[in-house]
Amino acid sequence: MSVRTDWSREEIAALYDLPLLELVFRAASVHRQHFDPQAVQISTLLSIKTGACPEDCAYCPQSAHFKTGLEVERLLALNEVRSSASAAKAAGATRFCMGAAWRAPRDKDVDRLVDMVGVVRELGMETCLTAGMLKPEQAQRLRAAGLDYYNHNLDTSPEYYPEIIGTRCYQDRLDTLQAVREAGLNVCSGGIVGMNETRSDRVGLIHALATLPAHPESVPINRLVKVAGTPLQDAAELDDFEFVRTIAVARVCMPHSVVRLSAGRESMDASLQALCFLAGANSIFYGEKLLTTGNPEVQADRDLFARLGLKGLGACAS
Ligand code: SAM
Ligand code: DTB
Ligand code: SF4
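All letters in the sequence shown, in the order written, are residues 484 to 801 by the working numbering.
Okay, here's the thing in structure tokens:
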């Protein structure tokens, strides 16, 4: 079946409305057509520049607008990036993702990012970067340096976005995704659920992703990590099964994309994560820290994979 980029919101809403087990069955069937269902791609994250971000994203501990007690760190030195990347490789990660708390990098920041991409590539790992909005020339320079993936999330539906972020708009995000795509980089783009959005907003997020001119190669689905001091610190708990539905709907609508069970795994037990893998999630972040918040211990993930019979490998798309 060819990949569809013409999904309607009604069709996506109808998937969400299916009985849970029917939806998971459909998603698992689609997953098996395109991927080895036992393979889970493993990425490690490193915050290369932490906090003091001028943006006001209501979920984010790194925004300078909120008092979250986060220790601000300048851009890391090259040798710090090299040692973190080699530790990640030794722990089994196949992709190293670097995150910077910027609205957008300046051209001189891109010089430093180019060097960082170089050291990670020397170690033989795939490279991913998330550093805010990019201009087309910046995306091209990063591609030329050997960057494999650029992460830039749509985060939520177009209509809910202004409730969450006031310092830039949805179109800015779409423009960066276009620059990244046109530079020949793999696109990593997803969103966050559990931000007091409605199901219609979750439908709108999946719709926005699944109707891009080409689906992102990688789709991170984050469950909000509620951080004290952010406007979303007391957000209502999202029902576990609504999270599973979001993974499953992403899998059905974007059958060739790697769907990442991203932030929020610390609040999920083994059974819930197993259901997410069944529903088509085939990537995780590995290592005790995401960018600034916690993630399950490496040993806990090793035990989880052993219990579920999963292989922590490159999840090869076919
Ligand atoms: N500053 C860049 C940007 O916003 O594109 C890159 C870093 S930013 C931290 C990357 C992504 O992390 C955000 O788009 C958001 O989806 C996710 N994120 C940030 N805080 C989060 C939280 N508390 N819970 C879940 N996901 C979060
Ligand atoms: C994504 O979608 N999730 C990751 C990654 N892209 C960069 C980030 C999650 C961050 C969670 C909050 C934190 O640790 O600061
Ligand atoms: Fe800054 Fe990114 Fe956090 Fe928004 S999500 S405040 S842009 S680091």
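Cβ atoms here follow ideal geometry from the backbone N, Cα and C, with glycine treated the same way.
If you check the C-beta of L553 against the ligand DTB, you find no heavy atom less than 6 Å away.
Three or more Cβ pairs closer than 8 Å define a contact, and the region 729-742 meets that threshold against the region 493-513.
Between the beta-carbon of I531 and that of V564 there is about 6 Å, and that keeps the pair under the 8 Å contact cut. With 16 or more other CB atoms across the displayed protein chains lying within 10 angstroms of its CB, A764 is buried.
In this structure, the CA atom of T776 is about 15 Å from the CA atom of M581. In this structure, DSSP gives A583 an extended state, which the three-state scheme calls strand. Listed in chain order, the beta strand (DSSP E) runs fully inside the region 692-723 are 701-706, counting runs of at least 3 residues. The C-alpha of V727 is placed about 25 Å away from the C-alpha of I648. The set of residues with a C-beta under 5 Å from any non-hydrogen atom of the ligand SF4 comprises C536, E538, C540, C543, Q545, S546 and A584, given in chain order.
Assignment of T488 by DSSP, reduced to helix, strand and coil, places it in the coil class. By a beta-carbon distance limit of 8 Å, L657 does not contact Y633. Their separation comes to about 14 Å.
Taking a cut-off of 8 Å for Cβ pairs, the region 661-675 and the region 697-709 touch, as three or more such pairs fall below it. Per the DSSP secondary-structure output, F768 pairs in a beta bridge with S526. Under the three-state reduction of DSSP output, D519 falls in the coil class, being neither helix nor strand.
Under the three-state reduction of DSSP, T577 is assigned to coil, being neither helix nor strand. A distance criterion of 6 Å places the beta-carbon of L715 beyond contact range of the ligand DTB, judged by its closest non-hydrogen atom. As the crow flies, the alpha-carbon of I495 is around 10 Å from that of R685. For E665 and S766, the gap between their C-alpha atoms comes out near 25 Å.
As for any beta strand (DSSP E) of minimum length 3 sitting wholly inside the region 648-696, the runs are 669-671 and 674-676, ordered along the chain. In the displayed model, N562 falls within a helix according to three-state DSSP. In the three-state reduction of the DSSP assignment, E493 falls in the helix class.
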